[in-house]
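In numbering that gives the first Met the number 0, the protein residues as written are 0 to 137.
Heads up, the beta-carbon is just placed ideally off N, CA and C, and yes, glycines get one too.
It should be emphasised that the depicted structure is a prediction, and the values quoted were computed from it without experimental measurement.
What follows is a single structure, written as C-alpha cells, with notes after it.
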Amino acid sequence: MSKLAESIVDADHPRICMECRCKFCRDDCVQYIETRNDAYTAYGKMVAAYANQIGHIGLSKEFAEFLTYCCLCGRCKYRCTSTLGMIYYGKVMDVPKLVMEMRAKLTEEGKAPPDVRDVLENIVRWGNPYGVSKSILW
C-alpha cells in the first residue's frame, strides 16, 4: 500500500484536524457550498490524508479523483481554528499545499485521473492543454 511521504506539509496536521473536528473550514469551502458533502471540504481531505498516513487507505485512482474536488482557493486555512491556535508558533494548516502535494505524488505514481493525465500529455506533446498544433491555435 502506497503512502504519502511524511514530509508533506506537516505530518501532524491531519492528526490535529482529526482531533479538533470543528469543520469550520466547510463554511467557506466552495465545494461544500455547492455539494453539501463533507468529504469535499478541507476536513475531508485531512481525514483522507490521516487514513493514508496510518495505513487504512492507499493511493489509488479513486483517491486521485477525490482530490479533484478542491479548487485550491485557500479559504479553508483562514477559517481553521487549529491554524488560529498555531499562528503563534508560525504554522498554518495549509490544506491547498497538502492537496497539491498529494496530487503530485499520485501523478508521479501514474494514478492521476484520465482527464488530468490527458491534459498533461497534451502539454508535453503539443505545448498546450488542447492537444492541437500551435499553428491551428493562432
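Within 9 Å, strictly: CB atoms of residue i and residue j
{"i": "residue 123", "j": "residue 70", "result": "no"}
{"i": "residue 106", "j": "residue 92", "result": "no"}
{"i": "residue 75", "j": "residue 27", "result": "yes"}
{"i": "residue 98", "j": "residue 58", "result": "no"}
{"i": "residue 115", "j": "residue 47", "result": "no"}
Spatial distance of residue i from residue j (CA atoms)
{"i": "residue 111", "j": "residue 102", "result": "7 Å"}
{"i": "residue 12", "j": "residue 133", "result": "44 Å"}
{"i": "residue 121", "j": "residue 131", "result": "8 Å"}
{"i": "residue 24", "j": "residue 73", "result": "10 Å"}
{"i": "residue 125", "j": "residue 118", "result": "10 Å"}
{"i": "residue 49", "j": "residue 61", "result": "16 Å"}
{"i": "residue 109", "j": "residue 32", "result": "31 Å"}
{"i": "residue 5", "j": "residue 128", "result": "Confidence at residue 5 is low in this model, with a pLDDT of 47, below 50, so the placement of that residue should be treated as unreliable; the coordinate-derived value is given next. Answer to the nearest angstrom: the Cα atoms are 32 Å apart."}
{"i": "residue 52", "j": "residue 16", "result": "13 Å"}
{"i": "residue 54", "j": "residue 20", "result": "20 Å"}
Supposed contact pair residue j and residue i - C-beta distance, whole angstroms, cut 8 Å
{"i": "residue 68", "j": "residue 42", "result": "In fact, because the Cβ distance is near 13 Å, the residues do not count as touching under 8 Å."}
Reference residue i, options the options, closest by Cα
{"i": "residue 100", "options": "114, 113, 55, 45", "result": "45"}
Closer than 8 Å: residue i CB and nearest the ligand ZN heavy atom
{"i": "residue 112", "result": "Ligands in the displayed structure: none, and consequently the ligand ZN is not present."}
Next item on the list: With a floor of 4 residues, list each alpha helix (DSSP H) that falls wholly inside the segment 10-66, ordered by position along the chain.
Entry: Runs of the alpha helix (DSSP H) inside the segment 10-66: 12-19, 29-34, 41-52, 60-66.
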